[in-house]
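Everything on this sheet refers to the single structure shown next.
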Amino acid sequence: MPPTNLVLPVICICAAIIIFFLLAQFTSFRQRPTLHRTPAAVRSLLDPIDRPSMDTLLHSRASPNSRLIRAFHLSNTFVSSDPTVHTNFNHNSVSLIRAAEKNWPRFSDIALQAAELALPNDSTTPFHVYVGAVTLRTIIAGLLVPDADVASLDANDVDVVAELITELWIRSKKPARIPEHLLETLNFHVRHLVPDQVQYPQPLDFIIPTWETLWRVVAATLACVYGNIAARQTFLDLNENPNLDQFSTPKQEGSSPSAKDYICESLRLYPPVKRITRHIFTPLLFTTFLPRFLASRIPPYCETHVAEIERAQCSAYWDISSSSPEAFDAARFLDPARKASDLLAFGAGPLKCRAINWAPMAAAVIVGAILNTVDEVKYTVIQGNGIGDRGGWDGWEVRKAA
Numbered sequence: 033m034p035p036t037n038l039v040l041p042v043i044c045i046c047a048a049i050i051i052f053f054l055l056a057q058f059t060s061f062r063q064r065p066t067l068h069r070t071p072a073a074v075r076s077l078l079d080p081i082d083r084p085s086m087d088t089l090l091h092s093r094a095s096p097n098s099r100l101i102r103a104f105h106l107s108n109t110f111v112s113s114d115p116t117v118h119t120n121f122n123h124n125s126v127s128l129i130r131a132a133e134k135n136w137p138r139f140s141d142i143a144l145q146a147a148e149l150a151l152p153n154d155s156t157t158p159f160h161v162y163v164g165a166v167t168l169r170t171i172i173a174g175l176l177v178p179d180a181d182v183a184s185l186d187a188n189d190v191d192v193v194a195e196l197i198t199e200l201w202i203r204s205k206k207p208a209r210i211p212e213h214l215l216e217t218l219n220f221h222v223r224h225l226v227p228d229q230v231q232y233p234q235p236l237d238f239i240i241p242t243w244e245t246l247w248r249v250v251a252a253t254l255a256c257v258y259g260n261i262a263a264r265q266t267f268l269d270l271n272e273n274p275n276l277d278q279f280s281t282p283k284q285e286g287s288s289p290s291a292k293d294y295i296c297e298s299l300r301l302y303p304p305v306k307r308i309t310r311h312i313f314t315p316l317l318f319t320t321f322l323p324r325f326l327a328s329r330i331p332p333y334c335e336t337h338v339a340e341i342e343r344a345q346c347s348a349y350w351d352i353s354s355s356s357p358e359a360f361d362a363a364r365f366l367d368p369a370r371k372a373s374d375l376l377a378f379g380a381g382p383l384k385c386r387a388i389n390w391a392p393m394a395a396a397v398i399v400g401a402i403l404n405t406v407d408e409v410k411y412t413v414i415q416g417n418g419i420g421d422r423g424g425w426d427g428w429e430v431r432k433a434a
């Protein structure tokens, strides 16, 4: 026990530490996020010149994504700051993508089968349900489980998985408790679709990064090009001859957009990831004056930075003489000054999406398969008001033609 004359100073010091700790916590939680709204500002956040260590970058990304652990019990690199998890996930992802890229005709055939299998048994089905089912079947049989028979994937499993991923994603953004049975049901149906427990101990680690964004790219692109005869033919041509040249070469001697241009314009105007959040951690100044065992117990100051991808991709940079940045116009990519590499939809810097080269082609092939199937002869798309995202597709339907 300290001498009597030291009790008061010790109490004061402890009280000061507690007060500083509480103030730091309060300030960290109350701080408004810093918004980055221009292309340059977004790139500066995601790919800083004074590049931090990979450990720091991973921690900065994983921290704001912790809600996905609560919702899905994910363990992949998007929610983990462990460099080993990052390396293993990237290695596995790249291996899957390279294998799929070697056989685009097979991927196209799978997409065509998936588009046929998802057609409504009765007169109509919601547009977003149809597109989600087609994309999920194609991703599983065309990428994740290449020896799977797309026709063997149970329709109920597909529909439940698509519906629950979306529901849990939306719930993850709210503070309310998430009912445990939702994830249990999701995992039950996911395991039917992806049965290999050795390769995929947690299938959602791969299904969510691939399907959750891709189906919305497909849906937005379809909504934009469905009534455009030239665009429809461009995607049908790709569906018939699925290779990178067909995907990226402009039509009519360079005067008409390619399938890649249409996908890039969809990614620009309707990016599936509209905002990318990073947490920047800084040790509190006063901790430098504390003993190490105390300083290590006080969390660093956390700044929240948000890259406004959607806002940045509608900036003046994308203005052309014939169309404003807010208009859908794939022809803007025919301008040599506007490049696909300028898009921010896949992020930037060392943590940009590994599917940056594969996903646009995959989305285009799926769009072509759906246009080939929903051909306005047997089936047609009924268009609603506006273009949705995870939701917002009210009024949109795939319907049997009269």
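FYI, the numbering for the sequence shown is 33 to 434, going by our numbering. Glycine included, C-beta positions come from ideal geometry on N, C-alpha and C.
- When the Cα atoms are used, N273 and L100 turn out to be separated by approximately 38 Å.
- Counting only runs of at least 4 residues, the segment 245-281 fully encloses the following alpha helix (DSSP H) elements, listed from N- to C-terminal order: 261-272 and 276-280.
- Where K432 is concerned, the enclosing beta strand (DSSP E) starts and stops at E429 to K432.
- In the DSSP assignment, H311 falls outside any alpha helix (DSSP H) and within the unbroken beta strand (DSSP E) covering R307 to T314.
- Under the DSSP assignment, H105 falls outside any alpha helix (DSSP H); it carries neither an H nor an E label.
- Following the DSSP letters along the chain, one finds Y232 in no alpha helix (DSSP H), marked with neither H nor E.
- Going by DSSP, C296 is part of the alpha helix (DSSP H) stretching over A291 to L301.
- The Cβ-Cβ distance between L196 and L176 does not fall below 7 Å.
- Straight-line measurement puts the Cα of V250 at about 7 Å from the Cα of V163.
- Contact between A396 and L268 is absent: CB atoms are separated by about 11 Å, not below the 8 Å threshold.
- Cα atoms of D191 and E244: separation of roughly 13 Å, rounded to the nearest angstrom.
- In the DSSP assignment, T336 falls within the unbroken beta strand (DSSP E) covering Y333 to E340.
- Annotation for Y162: the continuous alpha helix (DSSP H) segment containing it runs F159 to I171.
- With respect to A147, V166 sits close: the two C-beta atoms are nearer than 7 Å.
- The shortest CA-to-CA distance from D421 to any of L254, V406, P282 and D361 is the one to L254.
- If you look at L67, you'll find it isn't in any alpha helix (DSSP H); it sits in the beta strand (DSSP E) that goes T66 to H68.
- Check the Cα spacing between D407 and each of A73, L151, T88 and D141: the tightest is with L151.
- Sequence-distant Cβ neighbours of P71 in its own chain, meaning closer than 8 Å and more than five residues away, are A344, Q345, S347, Y349, D374 and L376.
- As a beta-bridge residue in DSSP terms, T156 pairs with R431.
- Rounded to whole angstroms, the separation of the alpha carbons of L383 and Q415 is 36 Å.
- Between I142 and the set T309, D179 and E429, the nearest pair of CA atoms involves D179.
- Close CB contacts of A262 within its chain, under the 7 Å cut and outside five residues either way in sequence, are with S288 (chain order).
- Assignment of V409 by DSSP, reduced to helix, strand and coil, places it in the coil class.
- Straight through space, the alpha carbons of D154 and S298 are spaced by roughly 31 Å.
- Taking the Cβ atoms as the reference, H337 lies roughly 5 Å from L77, within the contact range of under 8 Å.
- In this structure, V413 lies near V430, with their beta-carbon atoms less than 7 Å apart.
- For A377, no alpha helix (DSSP H) encloses it, and the DSSP letter there is neither H nor E.
- Within the same chain, and ignoring the five residues on either side of L90 in sequence, the residues whose Cβ sits closer than 8 Å to its Cβ are T109, S112, S113, D114, P115, H118 and L383.
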